[in-house]
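Residue numbering for the sequence shown follows the working numbering, beginning at 50 and increasing consecutively. For each residue, glycine too, the CB sits at the ideal point set by N, CA and C. No experiment lies behind these values; they were computed from the predicted model shown. Worksheet: one structure, shown below.
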Amino acid sequence: MKTSPLSQQDTLLTQTGRNPGAYAGYVNPPLFRGSTIVAESYEAWESAKKSDNPYGNYGRFGSPTIRAFEEAIAQLEGGHACHVFPSGLSACTHTLMAFLKAGDHVLITDNVYGPTRSFADGQLGRFGISVEYFDPAIGAGIAALIRPQTRLVFLEAPGSLSFEMTDIPAISRIAHAAGALVAVDNSWASPLFFKPFEHGADISIQAATKYILGHSDALLGTVTCNEHAWGIFQPRAQLFGETAGPEDVYLALRGLRTLGVRLRQHWQSGLALAGAMARHPAVSSIMHPALPQDPGHAIWKRDFLGASGLFSFVLASEDEAVLSAFFGALKHFGIGLSWGGFESLALPVGKPRRTASPWQAAGTLIRVHAGLEDTGDLLADMLAALDLAHARGAGHEVKDALRPATAEALR
Ligand SMILES: *Cc1c(COP(=O)(O)O)cnc(C)c1O
């Protein structure tokens, strides 16, 4: 059901969320700052009140800059409407709070973004909501976990540390039949490479901090809903008073214009790195759904339009000295959180937190973000660091029996 060819999206990216005719011909919508917006008369003030905005106009309810960005994201995701939040995590937590109430049950994928998991574990129980995690590979097996109280299924595909794919259409069909809604954290693919609403989702979340802003200089999140979910989400989410700063939103609109060309480069370099690293003896497994040998490849190929530059691998060592040598040798990869900027990153994860699907890979999970540097420079840098890690012992001590099937298939 791929109804959105990438080439047409490039045109959309240049046109969406702006209207030069409304702003004296200026190509970009202006940056509106403001709290108070005065009315010219009593009548104008009263008529500005709407059901979603009972106080008339006020900065917290959005400016033309914010509306332009929200409209652009809703259009790119293929949803009905969008609300922007000050961070990606805030978009995730407000989704959980808006759709759940005391007595409800929520099913969350075991590879969900860590801080979303921390919020679910630490806060939802306090409000009488029960949280259950499931194996991201569960597919139609999720039917066995659905209860009469299940109101929401929260997905992230691929998970942003361990990159397992999830069968979103199969899970959505079962959730909907049981009267539950489906939310997808779509940050990895961005609104360009996965269209959640074409595959059954009711809600799509972006950590716009990542590829949409794209320059590691601000934080933002978005929640886009279909019409039904928006009717529930909009009035509730608004009550929390979360308002994104106009400069950050302006930067996000600016970032959107180059999302297509940037993502193609992230995709190409990420795949080149993952392909070469998969054959390196210091690497015991590699997690990238666009690699043909990846367990999630068939689903990725069926549902996604492309791959971004974020993937993980398991370094076949847990020795601190080997890790120090590996990270010390990298010249083009900074050690840092987040991703989606123009610069490459490598992050020592260790072992991801799991409860429903235990993490079995021996070694150290390391997440890589392929930035916009020259692909050849990145490859040479990464392979030299892996050579050094291998020389210091990585890959010598891991028993073949413990190597995941993916790595075996690549040898
Ligand atoms: C980074 C990230 C978030 C949170 O975004 P912030 O802007 O850092 O709060 C949420 N989901 C995923 C998948 C992420 O990678």
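- Put simply, the backbone Cα of Ser179 is about 6 Å away from that of Asp153.
- If you check the CB distance, Ile335 and Val371 do not come in under 9 Å.
- In this structure, the C-beta of Ala257 approaches ligand 1 to less than 8 Å from one of its heavy atoms.
- The region 283-290 makes no contact with the region 167-177, as fewer than three CB pairs between them are under 8 Å.
- Residues Glu213, Met214, Trp237, Pro338, Gly345 of the same chain have their beta carbon placed closer than 7 Å to that of Pro207, with the five preceding and five following residues left out of the count.
- The criterion of a C-beta distance shorter than 9 Å is satisfied by Leu269 and Gly137.
- Less than 9 Å divides the Cβ of Gly412 from the Cβ of Ser333.
- The Cβ atoms of Leu432 and His315 lie no closer than 9 Å to each other.
- At least one heavy atom of ligand 1 lies closer than 8 Å to the C-beta of Ser209.
- In this structure, the C-beta of Pro164 approaches ligand 1 to less than 8 Å from one of its heavy atoms.
- In terms of side-chain proximity, the C-beta atom of Ser387 is found nearer than 8 Å to a non-hydrogen atom of ligand 1.
- Here the C-alpha atom of Tyr162 lies approximately 15 Å from the C-alpha atom of Trp408.
- When Trp94, Thr114, Gly249 are compared, the shortest CA-CA separation from Asn106 is found for Trp94.
- Its chain contains His129 as the residues whose beta carbon lies nearer than 6 Å to that of Glu276, once the 5 sequence neighbours on both sides are disregarded; these appear in chain order.
- Its chain contains Gly66, Arg67, Pro78, Leu302 as the residues whose beta carbon lies nearer than 7 Å to that of Ala117, once the 5 sequence neighbours on both sides are disregarded; these appear in chain order.
- Per DSSP, the continuous alpha helix (DSSP H) segment holding His225 begins and ends at 217-226.
- Three or more beta-carbon pairs separated by less than 8 Å are not found between the region 374-384 and the region 346-355, which leaves the two stretches without contact.
- Between Leu125 and Leu62, the alpha-carbon positions lie close to 8 Å from each other.
- Proximity of the beta carbon of Trp237 to ligand 1 is indicated: a heavy atom of the ligand is located closer than 8 Å.
- Within the same chain, and ignoring the five residues on either side of Arg441 in sequence, the residues whose Cβ sits closer than 7 Å to its Cβ are Ala370, Val371, Ala374.
- Nearest in C-alpha terms to Asn160, of all of Arg402, Leu308, Ala434, is Arg402.
- The alpha-carbon separation between Ser357 and Tyr91 amounts to approximately 51 Å.
- A check of alpha carbon separations from Leu262 across Leu300, Ile217, Thr424 identifies Leu300 as the nearest.
- In the DSSP assignment, Tyr182 is bridged to Ile157.
- Collapsing the DSSP output to three states places Leu432 in a helix.
- The three-state reading of DSSP puts Glu120 in helix, counting H, G and I together.
- Taking all protein chains shown into account, Lys150 has fewer than 16 neighbouring C-beta atoms within 10 Å of its C-beta and is therefore exposed.
- Residue pairing by DSSP places Val233 opposite Leu204, Ser253 in a beta bridge.
- Taking 8 Å as the upper bound for CB-CB distance, Glu291 and Pro135 are in contact here, some 6 Å apart.
- A Cβ-Cβ contact shorter than 9 Å links Val133 with Thr271.
- Distance from the C-beta of Cys141 to the nearest heavy atom of ligand 1 is below 8 Å.
- Residue range 163-172 is occupied by the alpha helix (DSSP H) that includes Ala169.
- Nearest to Leu428 by C-alpha distance, out of Ile115, Ile281, Ala321, is Ala321.
- Measuring C-alpha to C-alpha distances from Leu156 to each of Asp59, Ile191, Leu210 identifies Ile191 as the nearest.
- Here Lys98 is exposed: its Cβ has fewer than 16 other Cβ atoms, across all protein chains shown, within 10 Å.
- DSSP, reduced to helix, strand and coil, places Met214 outside both helices and strands of the structure shown, so it counts as coil.
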